[in-house]
Structure formats: structure tokens, C-alpha cells
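Participant: Protein chains in written order, with our numbering: chain H, 95 to 592; chain R, 3 to 200.
Think of the CB as a built atom: it goes at the ideal place given N, C-alpha and C, for glycine as much as any other residue.
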Amino acid sequence: MTPKIQTCRQDQLAAFLDGRLTPREEDDLQSHLDDCASCRRRLDELAAAEDSWTSARSFLKDDAYDRTVLSGYHDSSDHSDEQSVIPPQIAQVLNLLQPTDDPAMLGRLGGYEVSGVVGSGGMGIVLKAFDRPLDRIVAIKVMAPHLATSGAARQRFSREARAAAAVLHPNVIAIYGVSTDASLPYLVMPYVGGASLQKRLDSQGPLPVADILRISIQLAAGLAAAHEQGLVHRDIKPANILLDHGVDRLVITDFGLARAVDDASMTRTGVIAGTPQYMSPEQARGDAVDARSDLFSLGSVLYTMCTGRVPFRADSPYGVLRLITDTKPRAIREINPEIPEWLCRIVQRLHVKMPADRYQSAQEVTALLTQCLAHVTQPTLHPLPNSVASLPKRLSARLQILSSVTIVTAAVIIFAAMNRPGSKPDQISPAPLAAAAQSAVASTAAPPDETVEQDERTIDESRNVSPFDPSKLDAWDDQLDPVLKEVEQKLQEVLPTD
Amino acid sequence: MTNSPETRDSLLLQIRDPDNRVAWDRFTQIYRPIVYRLARRRGLQEADAYDLWRSVLLSVSRSIQDWQRNPDSRFYHWLRRVAGNAILNALTRGPRDPAVGGSDFLNAVHEVAQHDEDAERDIEREYQRQIYRRAAEVVRQSIQEDTWRAFERKVVDGESTESVATDMGKSIGNVHAARSRVMRRLQVVVAELLETER
Chain H
95 MTPKIQTCRQ DQLAAFLDGR LTPREEDDLQ SHLDDCASCR RRLDELAAAE DSWTSARSFL
155 KDDAYDRTVL SGYHDSSDHS DEQSVIPPQI AQVLNLLQPT DDPAMLGRLG GYEVSGVVGS
215 GGMGIVLKAF DRPLDRIVAI KVMAPHLATS GAARQRFSRE ARAAAAVLHP NVIAIYGVST
275 DASLPYLVMP YVGGASLQKR LDSQGPLPVA DILRISIQLA AGLAAAHEQG LVHRDIKPAN
335 ILLDHGVDRL VITDFGLARA VDDASMTRTG VIAGTPQYMS PEQARGDAVD ARSDLFSLGS
395 VLYTMCTGRV PFRADSPYGV LRLITDTKPR AIREINPEIP EWLCRIVQRL HVKMPADRYQ
455 SAQEVTALLT QCLAHVTQPT LHPLPNSVAS LPKRLSARLQ ILSSVTIVTA AVIIFAAMNR
515 PGSKPDQISP APLAAAAQSA VASTAAPPDE TVEQDERTID ESRNVSPFDP SKLDAWDDQL
575 DPVLKEVEQK LQEVLPTD
Chain R
3 MTNSPETRDS LLLQIRDPDN RVAWDRFTQI YRPIVYRLAR RRGLQEADAY DLWRSVLLSV
63 SRSIQDWQRN PDSRFYHWLR RVAGNAILNA LTRGPRDPAV GGSDFLNAVH EVAQHDEDAE
123 RDIEREYQRQ IYRRAAEVVR QSIQEDTWRA FERKVVDGES TESVATDMGK SIGNVHAARS
183 RVMRRLQVVV AELLETER
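Structure below.
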């Protein structure tokens, strides 16, 4: 029993903060604080100024940079057997499900009975559920709770889900419904039982030419339908391509949702799992993208089907991005001589760094590949299309002219930039050169759809949801080792040593 | 990670003045997250953030001779100035988005002055944040985990004193007293850190 101090002892407050009270006095003061609001206020004021409390709150609060990754991080380091543990992200979503009467089910979401978890990714998790009124099995993609707290991310989820729902095509996953009002935004899609192209490649390696063509025709056709609606997929990769029954029918999933994912998944898993591997150079640079970006990714998927390995491979996501922007992948026929030369040419054309020099539409690619497939199945009846039968010499000449025009334009702009007020030429780093060169490229290329561009910029706010990953920073050190060594060597020269 | 602090220190260990060694370590510890957050908040991608940090390091490397010729300021102070300039240059280097036409580019050039101020403010803010976070680590290690949790839940997460107290089985006075004391301690450490930074 501690006797309560009835009178306020303001002098004790300061002494308490400095740790100058006896344990007994501390106890007494704390019981007094239980009841005395004015002393509590006074104590706050004495401890720190008002704005320091505010600073502490805003600076110490784990923002989106810290939160998610740290939880995922602990999980993976604490448990070696990942299969037996429910990842926190999944547990979090499952905890938010409503109770169900059906003992065989995990819970209820909207009107759907959730029976299992199909998988999880940077954006959220995919649940398998039963749509009782319509008696069908569906897949529900639930937005990750950490993303759902961001208004911008929700808006984007909603906007892009609606856009995806507008694409009606057998090779694009249908959207049955979208719910963005509830605490867990979600998207309802048909449940596709088959394996992804990624699984198929993992187990089978390079595919036969006819299969490659069948898959890419459907892929290009699905993309064409989406592009017609002004929708760019942005994350075409084998894991997003589901093979319903063998290669008879394929559906592209994750339509248009990729944008919200890219930051989150890349940072979250730290290393490669976020697969920047299928990105286009313009994506890798962080520039605005259009439909032709998907065509580059299509080229990468084709390459992987031909060779059994991804075209751009490096130890770190950063390394991959650099390869994508700066290098050509190893020739397909060096890896798999069975791939015909004309198919390699198609891949090369899709893989041109400048969008203006690729095939210009998915529709064009669909038509071309369809003719190629006809040739492969009945060579005598159907000749190869002229455009791929041999390398058109004009193309390479045209490319050279175009790039020299670009260089001249870029030089002019750089010159202008160097002469801008308040900037000395030696301050120009390579980065503005690249930016200037890009604007030059953009100005020589066909003007992109204005409305799409605009959308892009407003959407960018939700990049703020990307988490902060301390382990990422350590990875930087690894990659920057030569630079750091160089700095340290110079330090050693400059600072006095023994 | 292959680069433990030990391997990294090996070169610098030969430097006579331990203050300079410590200064370099402190610099990388504080500025790496600053650069990362700055870049990400501005909507740059992972790879750009990395590039930014790389260019900061390269700037340091390039200008070390200047410091040698004219060591008018302390090493750490000098590091901060070089880093600040490098970040500022990188953040204000013009339009990130490819301009559709030449006029956009020129408009962007005129906006540079404005951007400078924003960028400077952002850098300062991220710097403050990093100092606070470092101070929090120091304080946290010196007190009981419970006390820290009470502070965190009340002050940082904004929970009510009542719910924290009930949940942790403590009295309201106890939770309140604990958080004030942690706050005071935090202030002291922040002030100390800022002092050594100067």
C-alpha cells in the first residue's frame, strides 16, 4: 500500500526526470501521477519541448520504409523451415477474415468462403475461395494490409482493377469483381488450376519450337487486347502466365497491378526474387513506359522459353537492371542450337533497347508469330513470312541513322543545359546527360499517349509505400566494395597514418 | 553479408587519428539511410537510390585531395558538406521523367532554384530523422525493454496511456512517468549526437 501524495510537488518532477529521487519517492510520485493530470502535463513540459515530442513521434515512427520488411525479415531468419510457418503477411490477412459456419473453410471474405491460400507476393496474397451463389471456385487476390493503409495505393488498386476488368479476352484473366471499400481491398478472378509457365520451365527447361510459338501467340494476343484498352501490363514474366490445360490455353494474370508491386516486391525480398529480370530498359531506368515495354518483356519470356534461362542474369537486382539497359543477352543459338535463326531474329527485334525500333504493336507480333507457327506445322504449305526469312539490311542501316540523329539532338540539349544560368559545365554529371539523351529520344519517337503519361505521374505518389530494408543497404556495400575501397585508400593517403 | 565492419576497417585501422576513423564509419552509417530515404521519397527506384549513394561516395573520393590541401575544417564536417552537395546536385539535376519536348526540359531548368530549397529542406529533415533514430537505439539499449515499449506505444504509436497501462499491467502514473523519462533521455542523447556532429 503506497500512501498517495495529495499535494503537488513540482520540484520533484525535475528531480525525477534526472533520476535524483529515491525509489520510495519515485513510487510515491508515480501514484500521485495516477490522479493528477496537471502534474502529468507539467512533467511532459519539463521532459521536452512540445516540438520535440512531435519530432520524436514523426521521426521514430516506423514509416512504410521499415514496417513490412522488418517483420518479413525476422520471419525468414528465425525459421529455417519456411513451409511449416505461415508468413506474417498471410497470417495477417487470414486474421482479418470473417468467421464462417463451414468447418472446412478458413473464413469468409465478402460473400466468398475461403478454403485455402494459393500464394503470396509483394502486392498481397491470393486465396482460393468458393462462390456459393454461383457455385464456382474463384481466386481472390487480397491487397497486402500494409499497402491497404495507403490511400494512393488503394486508389491505384481500384483504378487498375477496373481497367483490367474491361479487357475481355480468352488469354487475359477475367475479373469477376472488385472490392475496394472494405479494410481489405480484393479482386475476384477465376481459379485457374494449371501450373504457371515458370513452373513448366523449371521442370522442363527449353520448350519445343511449336510450343514456344503457341504460347507466345496467345501471350501477344492477350497483350494486344489489353493494349487496345490502354492498359500496359508492366510485369510480363513466366510466373504471371498460367497454362490452363497444357499449352492449349493460357491466361495472363496480374494485369496492370504490376506497378504497385514493383517497389514493394523488389525491396521486400531483398535479392532477386522480385524479378526485375523481365523488365524493359525503360522500366529499368524508371522512365515512363508504354505498350512497347511489354513487348520487350515478351522478348525476354521468349528467350527464356528458347534457352531455359533468363536473358539478363546477375547477382543482384541492380546488376540485372544494368544488364538490361546496357547489354545484349548471349545469342540464343549458342545455348540451344535447335532454335531456328528466324525465331532468334524475332526475339532480337523485341529486345531492341529503343522502343521505337521494336515491333510496334502486340497485334503485329501476334500476326507474325501465327504465320510462323503455320510454317512450322506445315512447312510446305506455308512459307516463312518475308520479314523474318532473312535479316532486312535496311533495318540495321536505319538504326544507325536514327541513333546518330539522337546523338546530335542529345548533344544540342546537353549544350543548352551546360549553358543554363548558375551551372558550370563541370557540374554536369553523366546522369543529366542520360536524361537529356532520353528526352532527345522521346522527341524523335512517336508521341506517347498523353493521357496515359499523365496518369503515370499521379500514380507515382504511391511509391511512398515501398518499405525500407536495412539488409538492402548492406547489399549496397557489397556491390560498392570497389568504390568504398577506393575511397578508403584515398583516405589513407590523406589522413595521417602510422 | 560478406562485408563485415571488421574487413572494412582493416584499411582504415592504420590511420593514426582514431577520430577520423570513427568519423568515416559514422558518416556511412548516417548518410547511407539518409540517401536511401531521400531517393525513395522522391519516387526514385531502388537502383536510382543506389546510384545516388554511389555518386556520393565518388564525390567524396574525388574531393579528398581538396581537403588535404586545405584542411580548414574537421574531417567529419568536411564529409558532411561534400555529401550534402553531392545529394543536392543529384536531386536537382533536372527532370527525371523523359520530357516530351524541348520546352518541358527548359521549364524544368527554370524550376531548379525552387527544387534546391526543397531538396535542402528534405536533406535536413532526413538528417534529423537519422539522428533521432540513432539516439533511440542508444536509449533503448540503456533501459528496460518494458520501459521502452511503454514509451514507444504511447508516444510513437499514439496509443492512450490507459490502454498501454492496462495492457502492460502498470499504473497510469507509472506509464506516464516512464515515457517522460525516456523522452528526456532521448533529448539528451540527440543533443549529444548533434554536438559531436558539429
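#1: I'd like to know whether the C-beta of residue 36 (chain R) is nearer than 8 Å to at least one C-beta of chain H.
#2: Cβ closer than 7 Å: which chain R residues qualify as neighbours of residue 581 (chain H)?
#3: Apply the 10 Å Cβ neighbour rule to residue 483 (chain H) and answer buried if 16 or more other Cβ atoms are within range, or exposed otherwise.
#4: Using the beta-carbon of each residue, which ones in chain H are nearer than 8 Å to residue 189 (chain R)?
#5: My output table needs one value for residue 408 (chain H): the three-state DSSP class, helix, strand or coil.
#6: Might you give, ordered along the chain, the residues of its own chain that have their beta carbon closer than 6 Å to the beta carbon of residue 279 (chain H), omitting 5 neighbours on each side?
#7: Within 10 angstroms of its Cβ, does residue 262 (chain H) collect 16 or more other Cβ (buried), or is it exposed?
#8: Please go through the region 271 to 314 of chain H and give each complete beta strand (DSSP E) segment of 3 or more residues, from N-terminal end onward.
#9: Terminal residues of the continuous beta strand (DSSP E) containing residue 233 (chain H)?
#10: Give the single residue among H:338, H:201, H:305, H:195 whose Cα lies nearest to the Cα of residue 265 (chain H).
#11: DSSP three-state call for residue 433 (chain H): helix, strand or coil?
#12: So is residue 91 (chain R) buried or exposed if we call it buried at 16+ other beta carbons inside 10 Å?
#13: Looking at chain H, is there any beta carbon in it that lies within less than 8 Å of the beta carbon of residue 105 (chain R)?
#14: Contact defined as beta carbons within less than 8 Å: I believe residue 158 (chain R) pairs with residue 155 (chain H). What is the distance between those atoms, to the nearest angstrom?
#15: Output needed in chain order: residues of the region 123 to 147 of chain R with a Cβ under 7 Å from some Cβ in chain H.
#16: What does residue 26 (chain R) reach in chain H if we use C-beta pairs closer than 7 Å?
#17: Can we say the region 447 to 460 of chain H touches the region 299 to 306 of chain H, given the rule of at least three CB pairs closer than 8 Å?
#18: Taking only beta-carbon atoms, is residue 456 (chain H) less than 8 Å away from chain R?
#19: Taking only beta carbons into account, state which residues of the region 170 to 194 of chain R come closer than 7 Å to chain H, listed in chain order.
#20: Can you find the residues in the same chain that come closer than 8 Å, C-beta to C-beta, to residue 187 (chain H), ignoring five residues on each side of it along the sequence?
#21: Is there at least one Cβ from chain R nearer than 8 Å to residue 154 (chain H)'s Cβ?
#22: Look at residue 188 (chain R) and residue 137 (chain R) and say whether their C-beta atoms are less than 8 Å apart.
#23: Whole angstroms are fine: how far does the CA of residue 128 (chain R) sit from the CA of residue 39 (chain R)?
#24: Quick check: what's the CA-CA separation for residue 181 (chain R) versus residue 348 (chain H)?
#25: So is residue 412 (chain H) in contact with chain R if we call contact Cβ pairs under 8 Å?
#26: Would you please state the rounded distance, in angstroms, between the beta carbons of residue 203 (chain H) and residue 183 (chain R)? I believe it to be under 8 Å.
#27: Would residue 232 (chain H) and residue 270 (chain H) be called neighbours here (beta carbons separated by less than 8 Å)?
#28: Just to make sure I have the definition right: I need the residues of chain H whose C-beta is within less than 9 Å of the C-beta of residue 157 (chain R). Which are they?
#29: List, in order along the chain, the chain R residues whose C-beta lies closer than 7 Å to that of residue 134 (chain H)?
#30: By a C-beta neighbour count over all protein chains shown, 10 Å radius and 16 as the cutoff for buried, is residue 162 (chain R) buried or exposed?
#31: If we count the other Cβ atoms within 10 Å of its Cβ and call it buried at 16 or more, is residue 185 (chain H) buried or exposed?
#32: Given that residue 115 (chain H) touches chain R, what residues does it touch there, using C-beta distances under 9 Å?
#33: Have a look at residue 344 (chain H) and residue 234 (chain H) and give me their C-alpha separation to the nearest angstrom.
#34: To the nearest angstrom, how far is the alpha carbon of residue 138 (chain H) from that of residue 125 (chain R)?
#35: I need the DSSP call for residue 164 (chain R), collapsed to helix, strand or coil.
#36: In chain R, what lies closer than 8 Å to residue 125 (chain H) by C-beta?
Facilitator: Reading it off the structure:
#1: Taking the second sequence and counting its residues from 1, the one referred to as residue 36 (chain R) is at position 34. False, the Cβ-Cβ gap to chain H never drops below 8 Å.
#2: Taking the first sequence and counting its residues from 1, the one referred to as residue 581 (chain H) is at position 487. Going along chain R in sequence order, the residues near residue 581 (chain H) (Cβ under 7 Å) are 59, 62, 63.
#3: Sequence index remark: in the first sequence, residue 483 (chain H) carries index 389 (1-based). Burial check for residue 483 (chain H): the Cβ neighbour count within 10 Å stays below 16, so the residue is exposed.
#4: Counting from 1 along the second sequence, the entry for residue 189 (chain R) is found at position 187. Chain H residues near residue 189 (chain R): 141, 142, 146.
#5: The residue given as residue 408 (chain H) occupies position 314 in the first sequence. DSSP, read as helix, strand or coil, puts residue 408 (chain H) in coil.
#6: Your numbering for residue 279 (chain H) matches position 185 in the first sequence. Excluding positions up to five away in sequence, the list reads 237, 242, 248, 251.
#7: Here residue 262 (chain H) is taken as the residue at index 168 of the first sequence, counted from 1. With fewer than 16 Cβ atoms within 10 Å of its Cβ, residue 262 (chain H) is classed as exposed.
#8: Fully enclosed beta strand (DSSP E) runs of 3 or longer: 271 to 273, 280 to 284.
#9: As a first step, residue 233 (chain H) must be located in the first sequence, where it is residue number 139. Residue 233 (chain H): member of the beta strand (DSSP E) spanning 230 to 237, first to last residue.
#10: One-based indexing of the first sequence puts residue 265 (chain H) at position 171. Per the C-alpha coordinates, the member of H:338, H:201, H:305, H:195 positioned closest to residue 265 (chain H) is H:338.
#11: What you label residue 433 (chain H) is simply residue 339 of the first sequence in a count that begins at 1. In the three-state reduction of the DSSP assignment, residue 433 (chain H) falls in the coil class, being assigned neither a helical nor a strand state.
#12: Position 89 of the second sequence, counting from 1, holds the residue named residue 91 (chain R). With 16 or more Cβ atoms within 10 Å of its Cβ, residue 91 (chain R) is classed as buried.
#13: As a working mapping, residue 105 (chain R) is identified with position 103 in the second sequence. Because residue 105 (chain R) carries a pLDDT of 41, less than 50, the predicted location of this residue cannot be relied on, and no value is offered for it.
#14: Counted from its first residue, the second sequence places residue 158 (chain R) at position 156. Counted from its first residue, the first sequence places residue 155 (chain H) at position 61. Contact between residue 158 (chain R) and residue 155 (chain H) is confirmed by a C-beta separation of about 5 Å, below the 8 Å threshold.
#15: So the list reads 130, 131, 134, 135, 138, given in the order they occur along the chain.
#16: In the second sequence, the residue the question calls residue 26 (chain R) occupies position 24. Within chain H, 585 have C-beta atoms less than 7 Å from the C-beta of residue 26 (chain R), given in sequence order.
#17: No, because fewer than three Cβ pairs between the region 447 to 460 of chain H and the region 299 to 306 of chain H fall closer than 8 Å, the two stretches do not touch.
#18: Numbered from 1 along the first sequence, position 362 holds the residue referred to as residue 456 (chain H). No, no contact with chain R.
#19: If the cut-off is 7 Å between Cβ atoms, the region 170 to 194 of chain R has 173, 174, 175, 176, 178, 179, 182, 183, 185, 186, 188, 189 near chain H.
#20: In the first sequence, counting from the first residue as 1, residue 187 (chain H) sits at position 93. Cβ neighbours of residue 187 (chain H) beyond the five flanking positions: 218, 219, 221, 236, 238, 239, 278.
#21: On the first sequence, residue 154 (chain H) is found 60 positions in, with the first residue counted as 1. So yes, residue 154 (chain H) belongs to the interface.
#22: The sequence position of residue 188 (chain R) within the second sequence is 186, counting from 1. The sequence position of residue 137 (chain R) within the second sequence is 135, counting from 1. Yes.
#23: By 1-based counting over the second sequence, the position of residue 39 (chain R) is 37. By 1-based counting over the second sequence, the position of residue 128 (chain R) is 126. So the two alpha carbons sit approximately 7 Å from each other.
#24: For the purposes of this step, residue 181 (chain R) is identified with residue 179 of the second sequence, where counting begins at 1. For the purposes of this step, residue 348 (chain H) is identified with residue 254 of the first sequence, where counting begins at 1. Cα-Cα distance, rounded: 46 Å.
#25: For the purposes of this step, residue 412 (chain H) is taken as residue 318 along the first sequence, with counting starting at 1. Among the residues facing chain R, residue 412 (chain H) is included, as its CB has a counterpart in that chain under 8 Å away.
#26: Your numbering for residue 203 (chain H) matches position 109 in the first sequence. Your numbering for residue 183 (chain R) matches position 181 in the second sequence. Residue 203 (chain H) to residue 183 (chain R), Cβ: 45 Å. No contact.
#27: Residue mapping note: residue 232 (chain H) aligns to position 138 of the first sequence, counting from 1. Residue mapping note: residue 270 (chain H) aligns to position 176 of the first sequence, counting from 1. At a Cβ-Cβ threshold of 8 Å, residue 232 (chain H) and residue 270 (chain H) count as neighbours.
#28: Stepping through the second sequence from its first residue, residue 157 (chain R) is reached at position 155. What residue 157 (chain R) touches in chain H: 147, 150, 151, 154.
#29: As a position in the first sequence, residue 134 (chain H) is number 40, starting the count at 1. Residues of chain R passing the Cβ test: 178.
#30: Within the second sequence, residue 162 (chain R) is the residue found at index 160, counting from 1. Residue 162 (chain R) should be labelled exposed.
#31: Your numbering for residue 185 (chain H) matches position 91 in the first sequence. The residue in question, residue 185 (chain H), is exposed, as its Cβ has fewer than 16 Cβ neighbours within 10 Å.
#32: Along the first sequence, one-based indexing puts residue 115 (chain H) at 21. Contact of residue 115 (chain H) with chain R by beta-carbon distance below 9 Å is absent, the smallest such distance being about 10 Å.
#33: The residue you call residue 344 (chain H) lines up with position 250 of the first sequence. The residue you call residue 234 (chain H) lines up with position 140 of the first sequence. Cα to Cα, residue 344 (chain H) sits roughly 19 Å from residue 234 (chain H).
#34: Counted from its first residue, the first sequence places residue 138 (chain H) at position 44. Counted from its first residue, the second sequence places residue 125 (chain R) at position 123. A straight-line Cα-Cα distance of about 29 Å links residue 138 (chain H) and residue 125 (chain R).
#35: Locating residue 164 (chain R) in the second sequence gives position 162, where the first residue counts as 1. The answer is helix: DSSP assigns residue 164 (chain R) an H, G or I state.
#36: Reading the first sequence from its first residue, position 31 is the one you call residue 125 (chain H). What residue 125 (chain H) touches in chain R: 173, 175.
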